[in-house]
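**Q** Would you mind keeping the following structure in view while I ask a few things?
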Amino acid sequence: MKTFLVPIDFSAVTEEVIDTAVSFARAFEGKVALIHVVQPPVVTSEFALPVEVLQEAVASGERAAKAKLDTYAEMFRTAGIACEAKVNHGPPVTMIREEAERVAADYIIMGSHGHGKLYDFLVGSTASGVMKKADCGIVIVPHKE
């Protein structure tokens with residue numbers, strides 16, 4: 008049985024990533040671990056929102072993300088595929104790599120936003136960061152417009 012880690016960011020490519028993960032899990036009689044990573048807010052000014060407000064915003068976002076992940080997990084279970092879902096906090100590349108190790112992932116199935124080479128060079132890409140650091144196979148699902 009193969010284990011597939013599926014990082015979800017709720018972007019436009021999410022549905023395509025889910026469909027790909029279902030196909031792989033069925034083909035390999037595998038199980039799926041869904042993960043959403045919440046990056047902590049960066050406070051850079053004395054004029055920033057109070058910490059309590061930021062903490063509540065993060066907690067609210069985490070609850071919403073967990074609810075969405077649970078909905079996706081139930082879709083996998085309804086299809087007869089074992090699935091767990093969790094929300095982690097921290098840098099996405101690090102959290103995805105650590106979760107891949109924790110679940111002993113055989114593959115990571117994730118989306119690519121296709122921003123372009125200049126954007127990826129200037130800002131960076133989670134997908135390219137994971138490709139450089141992962142110890143398992145990676146399937147990158149491009150967004151089809």
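Heads up, our numbering is the position in the sequence shown plus 7, with the first residue counted as 1. Even for Gly, the Cβ is constructed at its ideal location relative to N, Cα and C.
#1: Mind checking Val58: buried by the 16 CB within 10 Å criterion, or exposed?
#2: Look up Phe83 in the DSSP assignment and say whether it is helix, strand or coil.
#3: Helix, strand or coil: how does DSSP classify Leu56 here?
#4: Note down, in chain order, each residue of its chain lying with its Cβ closer than 7 Å to the Cβ of Glu36, except the 5 sequence neighbours on either side.
#5: Rounded to whole angstroms, what's the CA-CA distance from Gly68 to Thr78? Just pull it up for me.
#6: Count the other CB atoms within 10 Å of the CB of Leu41; is the residue buried (16 or more) or exposed (fewer)?
#7: Give me, in chain order, the residues of the same chain whose beta-carbon lies closer than 7 Å to that of Ile147; leave out the 5 immediate sequence neighbours on both sides.
#8: Where do the N-terminal and C-terminal ends of the beta strand (DSSP E) with Met117 fall, by residue?
#9: For Leu129, does the three-state DSSP call read helix, strand or coil?
#10: For Arg109, is the classification buried or exposed, using 16 other Cβ atoms within 10 angstroms of its Cβ as the cut-off for buried?
#11: Using only CA atoms, which one of Phe31, Asp113, Ser18 lies nearest to Thr10?
**A** Let's see:
#1: In the sequence shown, residue 58 corresponds to position 51, counting from 1. Taking all protein chains in view, the Cβ of Val58 is surrounded by fewer than 16 other Cβ atoms within 10 Å, so the residue is classified as exposed.
#2: Within the sequence shown, residue 83 is the residue found at index 76, counting from 1. Residue state, collapsed to three classes: helix.
#3: The sequence position of residue 56 within the sequence shown is 49, counting from 1. In the three-state reduction of the DSSP assignment, Leu56 falls in the coil class, being assigned neither a helical nor a strand state.
#4: Along the sequence shown, read from residue 1 onward, the residue named residue 36 stands at position 29. Excluding the 5 residues flanking it on each side, Glu36 has same chain C-beta neighbours closer than 7 Å at Met8, in chain order.
#5: The residue given as residue 68 occupies position 61 in the sequence shown. The residue given as residue 78 occupies position 71 in the sequence shown. Near 15 Å, if we compare the C-alpha coordinates of Thr78 and Gly68.
#6: Start at 1 with the first residue of the sequence shown, and residue 41 comes out as number 34. Burial is judged here by how many other beta carbons sit within 10 angstroms of a residue's own beta carbon; Leu41 has at least 16 and is buried.
#7: In the sequence shown, the residue the question calls residue 147 occupies position 140. The beta carbon of Ile147 sits closer than 7 Å to the beta carbons of Met117, Ser119, Ala134 from its chain, once the five residues preceding and following it are set aside; these are given in chain order.
#8: Along the sequence shown, one-based indexing puts residue 117 at 110. Per DSSP, the unbroken beta strand (DSSP E) holding Met117 starts and ends at 114-119.
#9: If you number the sequence shown from 1, residue 129 lands on position 122. In this predicted model, Leu129 has a pLDDT of only 45, less than 50, meaning its place in the structure is not dependable enough to derive any value.
#10: Translated into positions along the sequence shown, residue 109 becomes position 102. Counting the other CB atoms within 10 Å of its CB gives Arg109 a total below 16, which places it among the exposed residues.
#11: Here the question's residue 10 lines up with position 3 in the sequence shown. Shortest Cα-Cα distance from Thr10 to any of Phe31, Asp113, Ser18 involves Asp113.
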